[in-house]
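What the sequence shown shows, in this note's numbering, is residues 159 to 295, in sequence order.
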Amino acid sequence: HHTVEDTAILLGRAITAALGDRSGISRYGDALVPLDEALVQAVVDVSGRPYIVHSGEPAGFEFHLIGGHFTGSLVRHVFEAMALNADLTVHVTVLAGRDPHHIAEAEFKALARAVRMAISVDPRVSGVPSTKGTLQL
């Protein structure tokens, strides 16, 4: 549990450090990812206000072992730790799925794609993409 969570904390901090003042980024990203019967949507706002909404996992998902030692409950811990330490607003919604492995994999892939879109440099954006002039607290 702690190793997984600590890794996500460091990932979030690395994102924050890499983005600097967040000038020129797209800010928003979204992805819809299928994996066999699983379908997951992730939406990210590089807002400077950390928040997470995580929903749709089937009942009992948190108790399933995925890959031997990774339990379903760790998925949310990873998303929370990363969002809080990267100052991201994150919505991850499981729209369909039965196999815990497929659901978890689709969740991570959707979030990764949404983050990549949100932090990508947009040549149409000059400065920080915020009416407040900052995306940091």
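All C-beta atoms, glycine included, are put in the ideal place defined by N, C-alpha and C.
Checklist entry - If you compare alpha carbons, which of Y186, L168, G182, S284 is closest to A276? => result Y186
Checklist entry - Do L193 and H260 have their C-beta atoms within less than 9 angstroms of each other? => result yes
Item to check | DSSP beta-bridge partners of S213 | outcome: T251
Checklist entry - For A217, which residues of its own chain have a beta-carbon under 7 angstroms away from its beta-carbon, when the five flanking residues on both sides are left out? => result none
Checklist entry - Which stretch, first to last residue, makes up the alpha helix (DSSP H) that contains L246? => result That residue, L246, is in no alpha helix (DSSP H); it is neither H nor E in DSSP.
Item to check | Same chain, Cβ closer than 6 angstroms to G170, five either side skipped, listed in chain order | outcome: M240, N243, A244
Next on the checklist: Quick check on G170: does DSSP put it in helix, strand or coil?
Outcome noted: helix
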